[in-house]
Amino acid sequence: MDPRSEVLLRQPEYFQGSLLLVGLPADELLGELPNAHGWCWHAGDQATLDARFEGRVHFGIELPERAFDTAVVFLPKSKELADYLLNAVAARLPGADVFLVGEKKGGIEGASKQLIPFGKPRKLDSARHCQLWQVTVLNAPTAPVLADLAQHYELPLAEGPLKVVSLPGVFSHGRLDRGSALLLEHLDKLPSGHVLDFGCGAGVLGAAVKRRYPHNTVTLLDVDAFATASSRLTLAANGLEAEVITGDGIDAAPMGLNSILSNPPFHVGVHTDYHATENLLQKAVKHLKTGGELRLVANSFLRYQPLIEEQFGHCTVKAQGQGFRIYSAKRR
Numbered sequence: 001m002d003p004r005s006e007v008l009l010r011q012p013e014y015f016q017g018s019l020l021l022v023g024l025p026a027d028e029l030l031g032e033l034p035n036a037h038g039w040c041w042h043a044g045d046q047a048t049l050d051a052r053f054e055g056r057v058h059f060g061i062e063l064p065e066r067a068f069d070t071a072v073v074f075l076p077k078s079k080e081l082a083d084y085l086l087n088a089v090a091a092r093l094p095g096a097d098v099f100l101v102g103e104k105k106g107g108i109e110g111a112s113k114q115l116i117p118f119g120k121p122r123k124l125d126s127a128r129h130c131q132l133w134q135v136t137v138l139n140a141p142t143a144p145v146l147a148d149l150a151q152h153y154e155l156p157l158a159e160g161p162l163k164v165v166s167l168p169g170v171f172s173h174g175r176l177d178r179g180s181a182l183l184l185e186h187l188d189k190l191p192s193g194h195v196l197d198f199g200c201g202a203g204v205l206g207a208a209v210k211r212r213y214p215h216n217t218v219t220l221l222d223v224d225a226f227a228t229a230s231s232r233l234t235l236a237a238n239g240l241e242a243e244v245i246t247g248d249g250i251d252a253a254p255m256g257l258n259s260i261l262s263n264p265p266f267h268v269g270v271h272t273d274y275h276a277t278e279n280l281l282q283k284a285v286k287h288l289k290t291g292g293e294l295r296l297v298a299n300s301f302l303r304y305q306p307l308i309e310e311q312f313g314h315c316t317v318k319a320q321g322q323g324f325r326i327y328s329a330k331r332r
């Protein structure tokens, strides 16, 4: 059981009515709270929860339509996403209680101040290196419009400026990260055909490739529904068309690809997690046609080259700088 869930279950008297669990972990909490429903935007967590508690978890970027008496928000890593979630919930629950739970190392103490606009927050519990906060919504906000919270910026590329639209919670929200910037400089000589942008985030790589190589088929894939929604907005802002998939890792990707591009993630919330990237490196070769290329950027300290060589038999460093390396390997 996730320690945040354990803290909730120490205070069962607060969670007897119809309860919404926002950003809940993929554990057994729904089994302990029979009147609870979840709201999730991580495709992997959704698949796990749906297998155990079918019909009890809403997937997507908007608050579920169903009515509920109270809500618990599990603190996300992003402050902007936390703001969106708390305002969306508080707007629906005037006069009711809203709870915020999170790990101390995830910043729950400071994040509790985000409850102040709604009323007077109070700490209910501190255990398992987590804290549980509660506020009665005396000042209900106007329901937030997610599109209004998007950040827009432009990248000066050779083909002209690329417009990027980034929603709260998306990796490198509102700016281009150094790894993707390096990979954007080395998109030359990609095998033509079907290109996958794995871990697409706001869709920068996929959109750039589609515009530079318009005859290619481009698929963008991410585990996070806020990321794929951002990618769709980025594509639309540039008048581009591509397939966008919300799915759990490389297993959700098409087969028969000619290229896989990636700036793969290695963090989930406040924790380091290499699983998605290691799974990509182990299985990418099966998703590529003969002659197809995996090209990815990663922090120089991450030892990805041996993992790539184990599957492809070879791997070259195409470029490096700013603490990053671009690896390239082709299926023979």
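The numbering of the sequence shown is full-length UniProt numbering, which starts it at 1 and goes up by one.
In this text, a Cβ means the ideal position worked out from N, Cα and C, and glycines have one as well.
Query, Result
"Minimum C-alpha distance to His215 - residue among Ser230, Ser192, Ser231", "Ser192"
"Beta-carbon contacts of Ser300 that lie in its chain and below 8 Å, excluding the five residues immediately before and after", "Gln320, Gly323, Phe324, Arg325"
"Contact belief for Arg4 with Cys200 at Cβ below 8 Å, rounded distance in angstroms", "With 8 Å as the limit, Arg4 and Cys200 do not qualify as a contact, their Cβ atoms being about 28 Å apart."
"Minimum length 4: unbroken alpha helix (DSSP H) runs contained in the segment 31-88", "43-52"
"7 Å CB neighbourhood of Leu124 in its chain, flanking five on each side removed", "Gln11, Leu132, Trp133, Gln134"
"Simplified DSSP assignment, three categories, for Thr290", "strand"
"Touching by the beta-carbon criterion (3+ pairs, under 8 Å), the segment 101-115 and the segment 67-81", "yes"
"Secondary structure of Ala242, DSSP reduced to three states", "coil"
"Cβ neighbour criterion (16 or more within 10 Å) applied to Asn139", "exposed"
"Straight-line gap, Gln166 to His152 (C-alpha atoms, nearest Å)", "Sequence check: residue 166 is Ser here, not Gln. Between Ser166 and His152, the C-alpha separation is close to 6 Å."
"Residue of Leu280, Pro144, Phe68 minimising C-alpha distance to Ser18", "Phe68"
"Status (buried if at least 16 other CB within 10 Å, exposed otherwise) for Pro34", "exposed"
"Whole-angstrom distance between Gly38 and Val57, CA atom to CA atom", "4 Å"
"Rounded straight-line distance, which links the Cα of Gly291 to that of Lys79", "43 Å"
"Cutoff 6 Å; reference Leu93; Cβ partners in own chain excluding five residues on either side", "Val137"
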